[in-house]
Every structure is written in structure tokens, then in C-alpha cells.
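K.L.:
In my numbering, the protein residues as written are -1 to 452.
(1) Could you tell me which of 299, 228, 266 sits nearest to residue 411, measuring between CA atoms?
(2) Throw me the rounded Cβ distance for the residue 131 and residue 159 pair, which I believe falls under 8 Å.
(3) Could you have a look at residue 155 and say whether DSSP puts it in helix, strand or coil?
(4) Taking only three categories from DSSP, how would you classify residue 453?
(5) Between 119, 93, 262, which has its C-alpha nearest residue 108's C-alpha?
(6) Would you list, in sequence order, the uninterrupted beta strand (DSSP E) runs of no fewer than 3 residues that lie entirely inside the segment 242 to 279?
(7) Which of the three DSSP states, helix, strand or coil, is assigned to residue 360?
(8) Could you compute how far the alpha carbon of residue 349 sits from the alpha carbon of residue 304?
(9) What is the residue span of the alpha helix (DSSP H) that residue 347 lies within?
(10) Could you check whether residue 114 and residue 456 sit closer than 9 Å to each other, using their CB atoms as the reference points?
(11) To test your reading of the DSSP string, which unbroken alpha helix (DSSP H) runs of 4 or more residues are found completely within the segment 118 to 194?
(12) With residue 326 as the anchor, note down where its beta strand (DSSP E) starts and where it stops.
(13) Can you tell me whether DSSP reads residue 415 as helix, strand or coil?
(14) Does the CB of residue 415 have a neighbour CB from chain D at under 9 Å?
(15) Kindly identify the DSSP beta-bridge partner or partners of residue 302.
(16) Taking the C-alpha atoms as reference points, what is the distance between residue 428 and residue 53?
(17) Out of curiosity, what's the CA-to-CA distance linking residue 194 and residue 32?
(18) Using a Cβ-Cβ cut-off of 6 Å (strictly less than) and excluding sequence neighbours within five positions of residue 279, which residues of its own chain qualify?
(19) Three-state secondary structure (DSSP) at residue 318?
(20) Mind checking who residue 365 pairs with in its DSSP beta bridge?
(21) Only counting the same chain, and skipping five residues up and downstream in sequence, which positions put a Cβ closer than 7 Å to that of residue 365?
(22) Report the start-end ranges of each alpha helix (DSSP H) in the segment 27 to 97 that is 4 residues or longer and not cut off at the edges.
(23) If you draw a straight line from the C-alpha of residue 283 to the C-alpha of residue 408, how long is it?
(24) Take residue 121 and list the residues in its own chain whose beta-carbon comes closer than 6 Å to its own, dropping the five residues that flank it on each side.
(25) Tell me, to the nearest whole angstrom, how far the beta carbon of residue 173 is from that of residue 146; I am working on the premise that it is less than 8 Å.
(26) DSSP has residue 333 in a bridge; who is on the other side?
(27) Contact defined as beta carbons within less than 8 Å: I believe residue 177 pairs with residue 191. What is the distance between those atoms, to the nearest angstrom?
(28) On a CA-only basis, which of 126, 237, 373, 253 is nearest residue 380? Give me that one, please.
(29) State yes or no: is the C-beta of residue 263 within less than 9 Å of the C-beta of residue 373?
(30) Just tell me which of 257, 188, 370, 390 has its CA closest to the CA of residue 337.
(31) Give the DSSP-derived three-state secondary structure of residue -1 in the structure shown.
(32) From the DSSP secondary-structure annotation, give me the bridge partner or partners of residue 205.
(33) Cα separation between residue 61 and residue 181?
(34) Would you mind giving the Cβ-Cβ distance between residue 90 and residue 47, rounded to the nearest angstrom? I have them listed as a contact below 8 Å.
(35) When DSSP builds the beta bridges, which residues end up paired with residue 371?
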């Protein structure tokens, strides 16, 4: 067994191990595999899987199209509702959504592999660059989209389909949002996030301006003066930090930042990882950070979560994936203090917790874990910089059922808005639906303007 050096260290593994560890988690089905998998579907008339999908994809239809040898038609059925169907097929918690609702999902049977079938069809269309849509007749209207994540991209694509000119502003160097910067590398290898972005932009009528931030380079007032409508898909730009002694020491890193570094690195061997890593949190980000720490060569990786297994936001599949990779998940522990030696983290003290009358409370009993790296994944929050004129609710931009904010002519959707569920598929649905609302609003304005002229 390899003896690992303590402290943060890059290049713990050899090239072959990195390649194996970060290979595709669920490789695309082959043609025969897809036919066999699709043949298991009952093609339900009143399909519960379709109801469970936030974007309401006609799942029985797209699976039937695969079963009849028509993957391109299947891809169109998917893209009609979810233009980011390729990414969603990779990162959606299908085991909690469509596949959980599948009528084959019983004690005796496993559900139809809806996610893998969706990937099969969409990958074929994207690989061939087959565009199913073109912009409608030019409306003469211009819309600004702030944020090039799933919500912004879905909104921009639907607006372009309806004939509007769209300009997307994003503060990052690349479009894609969390799909580009926040998803585990083994879920989307081979730069798929950018491949999908290029495919979406291939419709035309969409310009992307990178490196410009709302509140720093432009204001909402600026956008409202230049565009006929504005959509905000800015995500949650701030992260929650540990409010305990010792957080100013070296070796403490936000898990989102850790994942981003790993995603953008030229080589996985460039990313340093500790010998003994502790991850604080219980969501998908915590799982992604923990698994990838193990894949980078950490000897021990421990997730500490303040509540029980049943309370974790990460799906049971993701939790099982983590444990299969050697990650230890410990429940009912909350961080109390970080210890350090020579300016670097050396351990963490945690207090055992329990529920008392429905409230989580500490027991006073302390556990201690030796560690040389702590990754913090305890949630993100809205960065309101540049948006202080908007009404917020529950720490998010307040919107109505159509995505309209408190400011006339401004819509919002995705994680930044009320109703956002921190899921790519939910963000896509909110962006798409807001685009339809914007289109109706702009069409009404055009009719009103024509009547006034008459």
C-alpha cells in the first residue's frame, strides 16, 4: 500500500490512475444496449415518470422512438422540453425523479434506465451537430440574459427560437455556469459542458459576453435602457462559511472552489489534495468533493453531517457511490473548532448532535478527527450585488408563477429565484418557462404599439 505524505500534495497518483479514476461514470449505451433497455418500457399512457420530470419530457415517446431505431427523433422529443437534456441525462438525480416513479421500480424489478437512454439519444444528436430548431421571423426585440448557466442558456435558446435577439452576460471566462464549474469531473468528462453550450448557441441569435458582471460592469438600469426585457439566471454566487474558531488557517477550502479548480485544471495531477480529508456538509457538492478527493489519491476521506442519513440532500445513489469509493460518512456531527500546527490545519473537533422536539441540539460530547484538508460544503447563498432594487424572499429573488420579479420588465429563474431547487433540470424548466412569459409580454407590447400607430 502506498504510504502517503501528510499535508496538501499534488501528483499523488500516476497518469494511468488519474485516467481510470476520472473516466466516465456512466458510459453511453451502445446501440444494442439502448434497444434492450428501451424494450423494458411499458410506454405508459398516463406515465408517472413524465409527471416526475421537472421539464415534463415525453419520456414514453422518446423511449419508443429509440426502440424503433429513431434516436434522432428521440433527441428532438427531449430537446422540445429540455434543450440541456444531454447534461441533465448525466447529472439529474433520476433515481429520485423519473426512475423512482417508473412502474417497473419495484422490489422485484429495477426501473427503466431513463437517464442513460436520454443520454444515448441526445449524445447522437449533439455529436452530429444536428440542429432541430431555427429562429422564428425576427421580432425586432432584444433581451438581455444575465448568467450563462442552465437557466440562462435555456431561456436564451427559447427566446432565440421565438425570433428575439439575445445577449448573455456572464462574469466567468466560459459559459455553462455550474455545469462547467461545479459538476464532478467524472460525470462530464471530455469537456461535454462546452460541447453542449456550443450546440445550444448553434441556433443563432445569441451572443455571449464573458467576463462582465452585474453591479461591476453594468447595472439593471443599463440593461433596461438597452433591452426590451431582462432575465436573471445568476445562480447563488456566495457560499456559507464555517463560523467556528480556526477557519483562518491554511488547508480550509470551499468545496465549490475545490471542484472548480479540478474542473478547469489542465491535468488532475496539478490539483493538491490532503492525505486525510474532511468534508463538511450533506448535499451533492459535499459528495462530489469527497469522491474526487478520494480519486485524487487521499488516503482517508470523511464526510461529517450534522443530521442523520435520511436528512441528507444528496441522493441515496450518490451516498452509496461515495461509500463505494471508500468515503466514510459520519452523521450527527457538527464542527466546533479547527486545530492547526505551523499555520496548517491538523485536526477538527466536532460535537455530537441529536434531535430534541424536532430541533437539532448538541449533546456536549466531542469527537476529534485528524486532517490536513477541510472542504466546506454547507450551502450557497444569493449575491445581491447589483440587484438591491429587487424584492427578495427567503434569501432569493422573489418571482411570480411566470418568473416575473418586482421590477417591471425583469424576470428571474434557476437557483437564484424562489422555487429554485438547486437542480440543473429545475433551472432549465424555470429558464424555459420565463422565456415563454417574456415572449408573450413582448408580443403583447408589439400588438399594443401597432394599435397605437393605427
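Ideal placement from N, C-alpha and C gives every residue a C-beta, glycine not left out. Small disclaimer: the values here were computed from a predicted structure and weren't measured.
P.N.:
Answer, in terms of the structure:
(1) Ranking the options by Cα distance to residue 411, first place goes to 228.
(2) 5 Å between Cβ atoms; contact.
(3) Three-state DSSP puts residue 155 in a helix.
(4) The chain is shown only over -1 to 452; residue 453 falls outside these bounds and no answer can be derived.
(5) From the listed residues 119, 93, 262, the smallest Cα separation to residue 108 is found for 93.
(6) Those beta strand (DSSP E) runs which fall completely within the segment 242 to 279 and span 3+ residues are 250 to 252, 274 to 278.
(7) Reduced to three states, the DSSP call for residue 360 is strand.
(8) Taking the straight line from one Cα to the other gives about 9 Å.
(9) From DSSP, residue 347 is part of no alpha helix (DSSP H) but of the beta strand (DSSP E) over 342 to 354.
(10) In the structure displayed, the chain extends from -1 to 452; residue 456 sits before or after that span and is not available.
(11) Unbroken alpha helix (DSSP H) runs of no fewer than 4 residues, entirely contained in the segment 118 to 194, are found at 148 to 159, 176 to 179, following chain order.
(12) Counting along the chain, the beta strand (DSSP E) containing residue 326 begins and ends at 326 to 328.
(13) Of the three classes helix, strand and coil, the one that applies to residue 415 here is strand, per DSSP.
(14) Absence of chain D from the displayed structure is noted, only one protein chain being present.
(15) Note: residue 302 sits in a beta bridge opposite 278, 328.
(16) Going from the Cα of residue 428 to the Cα of residue 53 covers about 9 Å.
(17) C-alpha of residue 194 to C-alpha of residue 32: approximately 21 Å in a straight line.
(18) Only 375, 376 meet the Cβ criterion.
(19) Residue 318 falls in the helix class under three-state DSSP.
(20) Per DSSP, 348.
(21) Here the set comprises 331, 348, 350.
(22) Counting whole runs of 4 or more residues, the segment 27 to 97 contains the alpha helix (DSSP H) stretches 29 to 36, 46 to 50, 57 to 65, 69 to 79, 83 to 89.
(23) Roughly 30 Å separates the two Cα atoms.
(24) Counting only Cβ-Cβ distances below 6 Å, and skipping sequence neighbours, we find 26.
(25) That belief holds up - the Cβ atoms of residue 173 and residue 146 are roughly 4 Å apart, short of 8 Å.
(26) Per DSSP, 348.
(27) Indeed, because the Cβ distance is near 5 Å, the residues count as touching under 8 Å.
(28) When only C-alpha atoms are compared, the closest one is 237.
(29) At least 9 Å separates the beta-carbon of residue 263 from that of residue 373.
(30) It is 370 whose Cα lies nearest to the Cα of residue 337.
(31) Only weak support exists for where residue -1 lies, its pLDDT of 43 falling under 50; the value from the coordinates is given anyway. Coil at residue -1, not helix or strand.
(32) As DSSP reads the structure, residue 205 sits in a beta bridge with 165.
(33) Using only the alpha carbons, I get a separation of about 26 Å.
(34) Taking the Cβ atoms as the reference, residue 90 lies roughly 12 Å from residue 47, outside the contact range of under 8 Å.
(35) According to the DSSP secondary-structure assignment, residue 371 is paired through a beta bridge with 275.
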